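Data first, discussion second: the structure below is written as structure tokens.
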Amino acid sequence: MAKYGSYRGGYSRSTSRSGGFTNARTGRYVSSARAHQHVGQSFGGVTKARSSGGNYYMRSK
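Its first residue numbered 166, the sequence shown is counted upward by one per residue in this note's numbering.
This is the structure in structure tokens:
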């Protein structure tokens, strides 16, 4: 079984869909604009961050 690092609200392996993707852990669609934003950049009230383990996650302001 694949083991993911400790992350809060992070992305797990997912399926691509027209530029965006479906988060395999939550089943929610992440738009292409949100998927491609840079760490520290805010979009739609959340900021993209990166954990010390290297996983990306979105955090509320």
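From the three backbone atoms N, C-alpha and C, an ideal C-beta is built for every residue, glycine too.
Keep in mind it's a predicted model, so treat the numbers as computed, not measured.
Quick check: the Cα distance between residue i and residue j, rounded to an integer number of angstroms?
i    : j    : result
M223 : A200 : 10 Å
Q202 : F208 : 8 Å
T212 : S225 : 6 Å
T187 : G210 : 20 Å
Between residue i and the rest of its own chain, which residues show a CB-CB distance below 7 Å, the 5 nearest in sequence each way excluded?
i    : result
G185 : Y194, V195, S196, S197, A200
Which same chain residues end up closer than 6 Å to residue i when comparing Cβ atoms and leaving out the 5 residues on each side of it in sequence?
i    : result
R215 : V204, Y221
Beta-carbon of residue i versus every beta-carbon of chain B: anything under 7 Å?
i    : result
V211 : The structure shown contains no chain B; it is built from a single protein chain.
Counting only the same chain and skipping the five closest in sequence on each side, list residues whose C-beta sits under 8 Å from that of residue i.
i    : result
Q206 : T212, K213
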